[in-house]
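Numbering of the sequence shown is given in my numbering, commencing with residue 172 and proceeding in unit increments. Please read the structure below before turning to the comments.
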Amino acid sequence: MNINFSLFTVFLTFFAVQAMADSHMHTVSGTVTGCSTKNAVHVLIYEESGWKGMNHSQEKIYEPSKSGTCDVSWSMEVPSGPYALASFEDENGNGKLDFFFFIPKEPAGFYQFSGMGAPKFDKMKIDVDKDMDSIEIALP
């Protein structure tokens, strides 16, 4: 009886420690460059499940800079896992990235992607398992 109880206790402890490690939050931070000083800048974090529908899991909005330059420093807390990072400048103030035939009408950028065509999650993702900084997202 004591052996079964001890094994059960070890089993539960192992899974409790694993669950705590998996739920640890990490700071992901960086800079958005290339924006104007006139409009709000949105920084978005996507999980793979929301990528195709462009349903972000987190968003922070930074108001226009009064300094005359636009280098937006941003920071978010996320649990361990794969994420894609994006940003856009909301030129018309409607709170969303506008498209014309699947092409962004407002300045938009993705971390680890430059080029033509729709970015693929697997090509852009970062695996967050620790704090990450110095992530730069450049807007055109």
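No residue lacks a Cβ here, since even glycine has one placed at the ideal position from N, Cα and C.
According to DSSP, simplified to helix, strand and coil, what is residue i?
i, result
"Asp293", "helix"
"Leu178", "For Leu178, the pLDDT reaches just 46, beneath the cut-off of 50, and the residue's location in the model is therefore unreliable, leaving the point undetermined."
"Glu307", "strand"
"Asp302", "coil"
"Pro275", "strand"
"Gly264", "coil"
"Gly280", "strand"
Mind checking residue i: buried by the 16 CB within 10 Å criterion, or exposed?
i, result
"Met247", "buried"
"Asp261", "buried"
"Phe281", "buried"
"Lys296", "buried"
"Ala289", "exposed"
"Gly266", "exposed"
"Gly286", "exposed"
"Gly201", "buried"
Which one of the options has the shortest CA to CA distance from residue i?
i, options, result
"Glu230", "Ala255, Ile297, Phe270", "Ala255"
"His195", "Val299, Ile216, Tyr233", "Val299"
"Ser155", "Cys206, Pro275, Gly286", "Nothing can be reported for residue 155: it is not among the residues displayed for the chain, which extend from 172 to 311."
"Pro250", "Ile216, Asn263, Asn226, Ser238", "Ile216"
"Gly239", "Thr198, Lys209, Pro253", "Lys209"
"Ala211", "Ser200, Leu268, Thr198", "Leu268"
Report the rounded CA-to-CA distance for residue i versus residue j, giving the unit in angstroms.
i, j, result
"Pro278", "Pro311", "6 Å"
"Asp242", "Phe259", "13 Å"
"Asp304", "Pro235", "22 Å"
"Glu218", "Lys294", "13 Å"
"Ile308", "Gly221", "20 Å"
"His197", "Lys237", "30 Å"
"Lys291", "His227", "15 Å"
"Asn263", "Thr204", "19 Å"
"Tyr314", "Phe284", "In the structure displayed, the chain extends from 172 to 311; residue 314 sits before or after that span and is not available."
Can you find a CB in chain C that lies within less than 9 Å of the CB of residue i?
i, result
"Ala289", "Looking for chain C here will not work: only one protein chain is present."
Discussion item. Suppose only complete runs of 4+ residues qualify. What are the alpha helix (DSSP H) ranges in the stretch 188-231, listed by chain order?
Written reply: You should have 219-222.
Worksheet item: What beta strand (DSSP E) runs, 3 residues minimum, are completely inside the stretch 231-262?
Response: 242-250, 252-261
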